[in-house]
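> Taking our numbering, I'd label the letters of the first sequence as residues -14 to 840. Note that beta-carbon positions come from the ideal geometry of N, C-alpha and C, so glycine has one too. Since the structure is predicted, the reported quantities are computational estimates derived from the model, not experimental observations. Following this message is one structure expressed as structure tokens.
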Amino acid sequence: MTTPAHDSRVPEKPTIDGIEDRWAQVWESEGTYRFDRSKTREQVYSIDTPPPTVSGSLHVGHVFSYTHTDCIARYQRMRGREVFYPMGWDDNGLPTERRVQNYFGVRCDPSLPFDPAFEVPTKPDEKKQVPISRRNFVELCERLTVEDEKAFEELWRRLGLSIDWSHTYQTIDARAQRASQRAFLRNLARGEAYQSEAPTLWDVTFRTAVAQAELEDREREGKYFRIGFPAADGSRVFIETTRPELLAACVALVAHPDDERYQPLFGSTVRTPLFDVEIPVVAHRLADPEKGSGIAMICTFGDTTDVTWWRELNLPTRPIIGWDGRILPETPEWLTTDTGRETYAAIAGATSFSAKERMVEALGAAGYVEGDPKPTVQAVKFYEKGDKPLEIVTTRQWYIRNGGRETDLREQLVARGSQLSWHPPYMEARYRSWVEGLNGDWLISRQRFFGVPFPVWYRLDEHGMPSYDDLLLPTEEQLPVDPSSDVPAGFDESQRGAPGGFVGDPDVMDTWATSSLSPQIAGGWEDDEDLWNRLWPFDLRPQAHEIIRTWLFSSVVRAHLEDDVLPWSNASISGWILDPDRKKMSKSKGNVVTPMGLLDEHGADGVRYWAAAGRPGTDTAFDIGQMKIGRRLAIKILNASKFVLGLGAALPTDLDVVTDPLDRAMLASLASVVDDATAAFDDYNYARALEVAEQFFWSFCDDHVELVKDRAYGGRGPEGAASAKAALALALSVQLRLFAPVLPFVTEEVWGWWQQGSVHRAPWPSAAELAGATGDPAVVADVATALSAIRKAKSDAKVSMRADVEAAVVTGDPDALGRIEEAGSDLAAAGRVAHLTFVPAGGPLRVEVTLADQA
RNA sequence: GGGCGCAUAGCUCAGCUGGUUAGAGCACCUCCCUUACAAGGAGGUGGCCGGGGGUUCGAGUCCCUCUGCGCCCACCA
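The structure is reproduced here in structure tokens:
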């Protein structure tokens, strides 16, 4: 009994145009990728899908990396694992806020009351943004993200991601808020979360604190000014600084303890120019004798080194920069002289830029500046999403311990990184160097609006001042809560802000504080224990390399603290898309070439082919050419399948019908391809799996199919035909399944012509199903070589491949000749050779071709 | 300053644990409308495998070093 032979389901003119929408609909209605939650943990393969930032643009980079994960998901599914493949949307946080501001022309002013009748400006004016209440603002955020998420979903479906669309989440939705708040409360209860009033890196544009992981250095041109500080004996101590505007915040001068030039000064004091504040000269190992004059001024705070000095040397705090990045308007109390107070008045309220100009002018006029300013290029810390240098201001913030201050925890987290299987392995180095280089705990609070609020209220004392040690917390059952509208137990709304009452924490969590819980959110942690136990810990975290320090590390921290485990066993790291000029694909280019446009033009399978050809972790050039090749491969699969099935080929129930040596050799060769592809996929190397399958496929089409064509048509009797057709059908079935993870549409299309069900739920091919074919793969290679030689003779003679050959004499070593002779009649038929003879001889394989007279 | 990665045909890249004359696609040249496919097929041109040392019977493949590029990290007065 065999599968029904060729039937009318094979179309006359097959095409790949338009098959994406058709199959996407079938997969949806059939529930092809629906997660079966009756399966146990051992049967499940769970993926912690990266939630894309929906307020960002749809970019070819998305298509690239999400295709990689989909290939793995499809492979695991065919291997028989029940794949949990959810989709999340990262919609909370600053990117959305910024997009809403620009899109609608509004800005959030938390002091305004909610306006139920608010309507967005008809013409957004970026210069004059309309101030609106926090609730109005959040509603606009939600309105816009819904649109963005639709666009992403449409793209993902069109690309053929095998996601279970019944498992989606948003990082702003109630489930994500509940998980974030619950995890935070547990961190708090265990002492892993704490608040602290401390110098914090601060973005003056967004007016929020920024975490170490969100910093980036940017080169900036600056100038060193050489400034003299009057010493007690009337001499001057010269320092060099790029930030003279901070002079009023100077609390000490510092030099290296071994620096003989300055040793006599340690313990003495100098006075700040113009401000006339007496400050000590101190010693610290971090002072670099090679830099500038070897002695530096310490200000509160110019950079993070200042913070270290300030902390370790117990220096006073004299901040002059406010939350808006401007010099504080009030004259500080430590300035006591008239000149000092006048000088300060001249810079009060100024931006640091103009304050610098005014200070340089004043210092110069008073003769404190020596020489001309020296230009320099310095690396300055920026918030990665900001465009003004960060300042350091002292604020009260929430932190989670991440090993930045404790050796034990840090070592545990480094060890977690070693337990994780990295693909490719060298990516672990980025993790380790980041964790080992941490210099503080994880700052998770942001002074923003569209995020998960801290589930915390503070009791107010009789003067209406919050007591930060007296936290009022919700129970886990109450979550999620918004402390700005919800009321703590035992209070009512009238007590908000009143003496003896309460006040809500105004801050929201950093977006990483939520997305670090993506497996918990997607997997139903504490909300759906039944689901959770079938998934946790996850099998795979796919992500990009630039967020190892943020998303990957913070996720490891949360799982380590909560459950003392790794959140997943594997991490696969994708590279970037590069411009043709080897630069990271820019936003502008990404917008010109829209992902949807690429899919329209090259087909989803074509685009996926390009993506899957990029090695794991490797930055890959954006290459339309590869997409065209992929599209051609898909069309070739369609046509080759049409041919095989058009012969009436059907899957054999017993491999004994495959009697011909060439057929058996081809199947044996395919078996080793299956082994290679399987090993590659097990190693998360979709690119290699594709490569070996593709290589086999082209030679299958060019050589094997051509060789057996005549026999399959019945040219040498029914037994030979049956062997050829059975082998072709089996090879087709195996190859369709090999290609299915990368080219889901065309393989499904062909599968539908002759098989039941979806190829994507069919078993991954195994060498075992080809084990009956105990052929010699060398036969394939040798016969192909001989066929090539005959073709070359025709090509050289500039005649058609159909031209008749009078005689072909094959010479070579006896073993090879024996192998070719086994397929001699196929070779003669494919080459149209009248007399094929074999002459054993030394040396490489040769074929002497005598063409028939051309009529 | 420390670390990671990359450097193979004009272009984009394979080359797994070292083993016969180094591969693919694109591009280029020549030819072929052949009944699966002209959105195709056949054949061909093209490479001191970044430079220099070393290990080995044998190195694109391992070691050292240099150069160039990219990225990550670093306390950037």
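Can you tell me which of N555, R701, L584, V765 puts its alpha carbon nearest to the alpha carbon of A652?
Sequence index remark: in the first sequence, residue 652 carries index 667 (1-based). Strictly speaking, residue 652 in this sequence is Leu, with Ala absent from that position. The shortest C-alpha separation from L652 is found at V765.
> Out of curiosity, what's the CA-to-CA distance linking L721 and L146?
Counting from 1 along the first sequence, the entry for residue 721 is found at position 736. Counting from 1 along the first sequence, the entry for residue 146 is found at position 161. Those two C-alpha atoms are separated by around 18 Å.
> In chain order, what residues of the same chain have a beta carbon less than 6 Å from the beta carbon of E230, not counting five sequence neighbours either side?
Locating residue 230 in the first sequence gives position 245, where the first residue counts as 1. Cβ within range, chain order: S337, A340, K341, M344.
> I'd like the list of long-range same chain contacts for V195, defined as Cβ closer than 6 Å, with 5 residues on each side in sequence excluded.
Counting from one through the first sequence, the residue named residue 195 turns up at place 210. For V195, where only same-chain residues beyond five positions count, the Cβ hits under 6 Å are L186, D188, Y368.
> Where does V824 fall in DSSP's three states?
Position 839 of the first sequence, counted from the first residue, corresponds to residue 824. V824 falls in the strand class under three-state DSSP.
> Would E132 be called buried (16 or more neighbouring beta carbons within 10 Å of its own) or exposed?
Counting from one through the first sequence, the residue named residue 132 turns up at place 147. Per the 10 Å Cβ criterion, exposed.
> Pick out whichever of W536, S554, T302, L516 has its Cα sitting closest to the Cα of V420.
Here residue 420 refers to the residue found at position 435 of the first sequence. Measuring from the Cα of V420, the nearest candidate turns out to be W536.
> Which residue or residues does DSSP assign as beta-bridge partners of C235?
On the first sequence, position 250 is the one that residue 235 refers to. Answer by DSSP bridge pairing, in chain order: C284.
> Less than 8 Å between the C-beta atoms of E139 and P360, yes or no?
Indexing the first sequence from 1 puts residue 139 at position 154. Indexing the first sequence from 1 puts residue 360 at position 375. In this structure, P360 does not lie closer than 8 Å to E139 by Cβ.
> Among V731, A771, Q61, A634, which residue has its Cα nearest to the Cα of A716?
As a first step, residue 716 must be located in the first sequence, where it is residue number 731. Per the Cα distances, A634.
> Measuring straight from C-alpha to C-alpha, what distance separates A711 and A826?
What you label residue 711 is simply residue 726 of the first sequence in a count that begins at 1. What you label residue 826 is simply residue 841 of the first sequence in a count that begins at 1. Each residue's alpha carbon lies about 36 Å from the other.
> Find out if the Cβ-Cβ distance for the pair W738, R(-6) is shorter than 8 Å.
Position 753 of the first sequence, counted from the start, is the residue given in the question as residue 738. Position 9 of the first sequence, counted from the start, is the residue given in the question as residue -6. Yes; because the gap between Cβ atoms is below 8 Å, this pair is in contact.
> Give me the residue from I157, P95, E199 with the minimum Cα distance to E531.
As a first step, residue 531 is located in the first sequence; it is residue number 546 there, counting from the start. Among I157, P95, E199, the Cα nearest to that of E531 belongs to E199.
> For S557, count neighbouring C-beta atoms within 10 Å of its own C-beta (all shown protein chains included) and say buried if the count is 16 or more, exposed if not.
Along the first sequence, read from residue 1 onward, the residue named residue 557 stands at position 572. That one is buried.
> Using beta-carbon positions only, say whether D490 and R431 come within less than 8 Å of one another.
The residue you call residue 490 lines up with position 505 of the first sequence. The residue you call residue 431 lines up with position 446 of the first sequence. No.
> Under three-state DSSP, which class holds T321?
Taking the first sequence and counting its residues from 1, the one referred to as residue 321 is at position 336. The answer is coil: DSSP assigns T321 none of H, G, I, E or B.
> Following a CB-centred definition, is S339 positioned closer than 7 Å to any heavy atom of the ligand NAD?
No copy of the ligand NAD occurs in the structure displayed, which carries no ligand at all.
> With three or more C-beta pairs closer than 8 Å as the rule, is the region 431 to 441 touching the region 66 to 86?
The answer is yes - the region 431 to 441 touches the region 66 to 86, with three or more Cβ pairs under 8 Å.
> Taking three-plus beta-carbon pairs below 8 Å as touching, is the region 55 to 73 in contact with the region 145 to 160?
At 8 Å Cβ cutoff, the stretches touch.
> Residue range of the beta strand (DSSP E) that K276 falls in?
Locating residue 276 in the first sequence gives position 291, counting from the first residue. Counting along the chain, K276 falls outside any beta strand (DSSP E), and DSSP gives it neither H nor E.
> Could you give the DSSP three-state label for K359: helix, strand or coil?
Taking the first sequence and counting its residues from 1, one reaches residue 359 at position 374. In the structure shown, K359 sits in a strand (DSSP, three-state: E or B).
> Which same chain residues, not among the five before or five after A625, have their C-beta less than 6 Å away from its C-beta?
Position 640 of the first sequence, counting from 1, holds the residue named residue 625. So the qualifying residues of the chain are C686.
> For the 8 Å Cβ check, are there 3 or more pairs between the region 407 to 425 and the region 442 to 458?
Because the criterion of three Cβ pairs below 8 Å is not met, the region 407 to 425 and the region 442 to 458 do not touch.
> For E882, I'd like the list of residues in its chain whose CB is within less than 8 Å of its CB, leaving aside the five on either flank, ordered along the chain.
In the structure displayed, the chain extends from -14 to 840; residue 882 sits before or after that span and is not available.
> If you measure between the beta carbons of P527 and V488, is that distance less than 8 Å?
For the purposes of this step, residue 527 is taken as the residue at position 542 of the first sequence. For the purposes of this step, residue 488 is taken as the residue at position 503 of the first sequence. No, the pair does not count as a contact, with Cβ atoms beyond the cut-off.
> Let me know the secondary structure DSSP gives A333 once reduced to three states.
Position 348 of the first sequence holds residue 333. If DSSP states are grouped into helix, strand and coil, A333 belongs with coil.
> When the Cα atoms are used, what is the spatial distance from P374 to K366?
Start at 1 with the first residue of the first sequence, and residue 374 comes out as number 389. Start at 1 with the first residue of the first sequence, and residue 366 comes out as number 381. So the two alpha carbons sit approximately 6 Å from each other.
> Span of the beta strand (DSSP E) holding F685?
What you label residue 685 is simply residue 700 of the first sequence in a count that begins at 1. Premise fails: F685 is in no beta strand (DSSP E) and is neither H nor E.
> Quick one: using the 10 Å Cβ neighbour count with 16 as the cut-off for buried, is G3 buried or exposed?
In the first sequence, the residue the question calls residue 3 occupies position 18. That one is exposed.
> In or out: R55 buried (at least 16 other Cβ within 10 Å) or exposed?
By one-based count along the first sequence, residue 55 stands at place 70. In the sequence as presented, Arg is not what sits at residue 55; that position holds Asp. Buried, since its Cβ has 16 or more Cβ neighbours within 10 Å.
> Which one or two residues does DSSP pair with S31 in a beta bridge?
To locate residue 31, count along the first sequence from 1; it is residue 46. Bridge partners of S31: F69.
> So does the region 778 to 785 actually touch the region 696 to 705, counting three or more Cβ pairs closer than 8 Å?
The region 778 to 785 is not in contact with the region 696 to 705.
> Taking the alpha carbon of G508 as the reference point, which residue from F681, T17, Q463, Y30 has its own alpha carbon closest?
The residue labelled residue 508 in the question sits at position 523 within the first sequence. The residue with the shortest Cα to Cα distance from G508 is Y30.
> Out of L618, V239, R120, which has the shortest C-alpha to C-alpha gap to S96?
Walking along the first sequence from the start, residue 96 turns up at place 111. S96 has its Cα closest to that of R120, out of L618, V239, R120.
> Straight-line CA distance for G252 to D309?
By one-based count along the first sequence, residue 252 stands at place 267. By one-based count along the first sequence, residue 309 stands at place 324. Going from the Cα of G252 to the Cα of D309 covers about 36 Å.
> Is DSSP giving R390 helix, strand or coil here?
Here residue 390 corresponds to residue number 405 of the first sequence, with the count starting at 1. Note: R390 maps to coil in three-state DSSP.
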